[in-house]
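S.K.: Numbers 8 to 694, taken from our numbering, label the letters of the sequence shown in order.
Ideal placement from N, C-alpha and C gives every residue a C-beta, glycine not left out.
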Amino acid sequence: MSEALKNQRTYALVGHSGCGKTSTAEMLLFNTGVIDRLGKIEEGTTALDNEPEEIKRRGSIQPGFAGYKWKKNNHYLIDTPGDPNFCGDLPYSLTASDGVIFTIDAVDGVKPLSRKVWAAVEKAELPTVIFINKMDRDRADFDFSFNSLNSALGISPVLLQYPIGSKENFKGIVDMLSGTAYMFEENGKMSKGEIPDDIAEEIEILRETMIENIAESDEELMEKYLEVGELTPDEITQGLSLGVKNRTIFPVCLGSAIENKGGSFLLDMVQTYLPSPLEHPDWKSEDGSTRASDPDAPVACFVFKTLADPFAGQLTLCRVLSGTVSGDLTLINPGRESKERLGTIQLLNGKDQRPVKDPVGPGAIITLAKLKETFTGDTLCDEKSPFEMIKPNVAPQLITFALAPAEKGEEDKVFQAIMKLLVEDINLTLSRDEESGDILLSGMGQNHIEISVEKARRRYKTDIILKTPKVPYRETIKGSAEVQGRYKKQSGGRGQFGDCWIKLEPLEKGAGYEFVNAIVGGVIPKQYIPAVDKGVQESAAKGILAGAPIIDFKVTLYDGTYHAVDSSEMAFKVAGSMAFKKACETAGISLLEPLMNILVEVPDEFMGDIIGDLSSRRGKVLGSGSTSGVTEVKAHVPMSEILQYAPDLRSMTGGQGTFTMELSHYEECPSQIAEKIISDRESPADA
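So, in structure tokens, the structure goes:
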């Protein structure tokens with residue numbers, strides 16, 4: 008098995024949305040015989056985009072998986088989404104990979120979204136091959152795209168192929184390593200040709216630059232190159248392989264996936280330069296221990312994705328970390344303290360599942376059906392040698408919507424339908440707002456939420472309505488007050504009597520609520536004092552101005568009276584509530600709104616528009632800076648102004664802008680805004 012594993016490759020296709028990753032995967036699967044015709048995204052016929060929502064929107068919303076053989080060697084491919092709405096779990100796919108094909112297109116080069124993806128690749132420290140796609144497009148610009156790798160990503164790419172012709176005349180490539188020209192024919196086939204005279208001199212110069220870059224990856228090679236001025240083909244290949252695996256060299260090849268141009272060369276680059284699973288650094292566990300990527304080590308598998316199949320039920324995608332796995336194994340899930348019998352091991356090719364008869368070792372991407380207690384992020388391992396993999400960090404959710412059933416009384420049905428989606432999408436979170444009772448769904452963007460709800464409607468026949476969630480306003484007091492709360496009720500027989508004096512004071516931001524018992528001499532019996540506290544808290548939770556909780560205040564209970572017969576906990580609770588409301592009126596109340604820390608990343612040319620737009624949303628720009636053509640703008644913006652910022656930013660920047668945000672603090676709401684909020688809250692009750 009070790010010999011086969013040396014030649015096995017497990018990698019992820021990554022890149023910005025629209026760069027052609029799925030078409031590239033289609034090209035690779037066609038060249039390896041997995042599919043017999045090239046599907047098209049526009050027609051919804053690609054092998055790896057098969058969810059109805061993917062076909063409808065013509066783009067990936069979840070990773071696609073495939074296994075194939077290239078020159079008798081096993082390859083496992085993970086096609087990752089590029090849309091920021093759907094690539095939140097990219098760190099999980101990268102954890103399951105040994106290398107990466109980083110895809111950009113020849114029209115746009117490296118885009119701001121490419122930088123986000125590249126940052127994830129760098130964090131994962133994965134060896135990378137770069138593929139410049141869409142070389143046959145009308146506005147394709149090879150020089151611009153190649154140079155953007157350095158200017159935008161800060162890497163030194165090594166050019167292994169040079170285009171012959173451009174745009175609609177893109178007809179071949181020059182293999183820089185061999186100095187041979189290859190011309191494209193039908194069905195992805197290539198034939199040797201002559202290097203055109205008009206680029207021959209440039210090829211020579213670029214080849215020297217390539218060899219220098221490769222020599223720099225190894226001290227011995229550099230010394231020989233400086234002495235002799237040349238390297239043998241074997242030394243060039245050796246230096247290139249070493250540089251790729253050390254991430255000092257990023258080889259670049261090119262083609263047109265939709266035209267099946269360059270597929271066999273890309274497959275060869277994956278085979279030649281990306282590492283095998285045996286070369287993967289030791290895996291790290293939650294307790295600090297490590298596990299070698301070795302077929303003879305105890306078994307450990309990392310669950311990096313869970314899918315819901317309409318026929319097979321739950322499908323669990325695992326990367327074999329160590330050991331040798333077969334279908335008759337029973338493994339433990341240490342994180343959940345449970346056992347799982349694996350059953351039939353399957354290989355997933357798009358939506359097709361194929362049983363795997365032979366045992367598989369490290370690097371294999373296997374599919375397991377009907378596991379009962381194992382989900383994304385879990386580790387399955389040998390009971391005698393427990394190992395729990397460290398889970399990758401994922402980006403925080405950016406947007407929240409409220410969900411409601413189309414028919415009243417079906418809230419639980421909505422909640423349960425969305426809960427099922429959480430199993431396969433770790434970037435969704437579901438909660439209930441304690442203040443409003445709303446069901447809240449948070450995700451990576453408006454498209455993410457809308458498509459998730461669309462999926463829930465289709466799968467679970469649940470009619471769900473999306474609503475913009477209520478902004479969590481707060482109220483606070485402006486000054487101090489000392490008041491009496493007196494409750495007396497007599498209606499025959501035993502009455503109700505409670506009487507208390509409280510002092511209300513503001514506290515600093517974030518201090519919360521403080522209740523002080525300053526009663527002396529037993530003027531209020533001890534058993535009634537907690538009731539006053541409870542009355543205050545219940546009134547504070549309901550608010551005074553707009554129904555929002557009152558925060559950051561102190562109540563001191565310092566005097567009162569009671570009646571030996573008529574006093575009760577209920578009476579003092581009402582008295583406490585009355586006292587608090589009266590104190591708030593005397594001290595004065597202000598409405599607070601949540602402000603968000605927002606970080607927006609856009610191409611430099613959009614900076615002015617973004618700053619102007621944030622200012623129009625009552626935002627306060629805290630600073631900005633530009634790196635490699637991308638501007639970062641930091642600001643404080645009221646939450647109410649950016650509840651639907653994602654589609655607005657996409658519209659302003661042509662889809663090139665990204666942002667993250669988190670709660671910063673609360674500030675007093677401007678009077679005209681507060682008046683409108685109070686009016687809106689009161690109007691339903693008045694109707």
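Per DSSP, V107 forms a beta bridge with which residues?
M.R.: A19, T135, per the DSSP bridge assignment.
S.K.: Give a yes or no on whether the C-beta atoms belonging to H643 and L598 are separated by under 8 Å.
M.R.: no
S.K.: If you compare alpha carbons, which of E489, Q404, D385, K580 is closest to T593?
M.R.: It is E489 whose Cα lies nearest to the Cα of T593.
S.K.: E322 to L428, Cα distance in whole Å?
M.R.: Note that residue 322 is Leu in the sequence shown here, rather than Glu. Taking the straight line joining both Cα atoms gives about 13 Å.
S.K.: Alpha carbon to alpha carbon, how far is G250 from K477?
M.R.: 53 Å
S.K.: Candidates W125, I180, D150, E226: which alpha carbon is nearest L160's?
M.R.: Measuring from the Cα of L160, the nearest candidate turns out to be W125.
S.K.: For the segment 508-528 against the segment 558-571, do three or more pairs of beta-carbon atoms, one drawn from each stretch, fall closer than 8 Å, so that the two count as touching?
M.R.: yes
S.K.: So, does the segment 51-64 touch the segment 407-426, judging by three or more C-beta pairs under 8 Å?
M.R.: no
S.K.: Please state the DSSP three-state secondary structure of F93.
M.R.: coil
S.K.: Secondary structure at T239, three-state DSSP: helix, strand or coil?
M.R.: coil
S.K.: Is the segment 567-586 touching the segment 609-629 in the sense that three or more CB pairs, one from each, lie closer than 8 Å?
M.R.: Under the three-pair Cβ rule at 8 Å, the segment 609-629 does not count as touching the segment 567-586.
S.K.: With a Cβ-Cβ cutoff of 8 Å, do I206 and P164 count as a contact?
M.R.: Remark: C-beta atoms of I206 and P164 do not approach each other more closely than 8 Å.
S.K.: Quick check: G370 and P284, are their CB atoms within less than 8 Å of each other?
M.R.: Yes, they are a contact pair.
S.K.: Using the beta-carbon count (16 or more within 10 Å), is S678 buried or exposed?
M.R.: The residue in question, S678, is exposed, as its Cβ has fewer than 16 Cβ neighbours within 10 Å.
S.K.: Taking only three categories from DSSP, how would you classify P532?
M.R.: coil
S.K.: Give the straight-line distance between the Cα atoms of E242 and E286, rounded to the nearest whole angstrom.
M.R.: 20 Å
S.K.: Please state if the CB of T135 and the CB of F272 are separated by a distance shorter than 8 Å.
M.R.: Their beta carbons are not under 8 Å apart, which means F272 does not touch T135 by this criterion.
S.K.: Quick check: V332 and P305, are their CB atoms within less than 8 Å of each other?
M.R.: no
S.K.: Whole angstroms are fine: how far does the CA of Y480 sit from the CA of G567?
M.R.: 33 Å
S.K.: At 3 residues or longer, and completely inside the segment 200-264: list those beta strand (DSSP E) runs for me, N to C.
M.R.: 257-261
S.K.: Do you know offhand how far G270's Cα is from E33's?
M.R.: 10 Å
S.K.: Below 8 Å, can you find three or more Cβ-Cβ pairs linking the segment 409-419 to the segment 443-455?
M.R.: yes
S.K.: Can you tell me whether DSSP reads F422 as helix, strand or coil?
M.R.: Note: F422 maps to helix in three-state DSSP.
S.K.: Does the segment 212-228 come within contact of the segment 127-134, defined as at least 3 CB pairs closer than 8 Å?
M.R.: no
S.K.: Compute the distance between the beta-carbons of M183 and F191, then report whether it is under 8 Å.
M.R.: no
S.K.: To which residues of the same chain is D6 closer than 8 Å at the C-beta, ignoring the five residues directly before and after it?
M.R.: With the chain represented from 8 up to 694, any question about residue 6 goes unanswered, as that position is not in the structure.
S.K.: List, from N- to C-terminal side, the alpha helix (DSSP H) runs of 4 residues or more that fit wholly inside the segment 425-506.
M.R.: 453-467, all fully within the segment 425-506.
S.K.: Just reading off the alpha helix (DSSP H) that Y280 is part of, what are its end residues?
M.R.: 270-280
S.K.: Threshold first: 4 residues or longer. Then list the alpha helix (DSSP H) segments lying entirely within the segment 115-193, N to C.
M.R.: Restricted to the segment 115-193, the alpha helix (DSSP H) segments that are unbroken, complete and at least 4 residues in length are 119-131, 149-160, listed in chain order.
S.K.: Assess, as a yes-or-no matter, whether the segment 451-459 is touched by the segment 81-99 under the definition of 3 or more beta carbon pairs within less than 8 Å.
M.R.: Yes: at least three Cβ pairs fall under 8 Å.
S.K.: Are the segment 65-81 and the segment 380-388 touching by the rule of at least three beta carbon pairs closer than 8 Å?
M.R.: no
S.K.: Under 6 Å Cβ to Cβ from S24, same chain only, skipping five residues before and after it: list those, please.
M.R.: Here the set comprises G89, D90.
S.K.: Considering only the beta carbon of each residue, do D150 and F177 sit closer than 8 Å?
M.R.: Cβ distance not < 8 Å, so D150 and F177 don't count as in contact.
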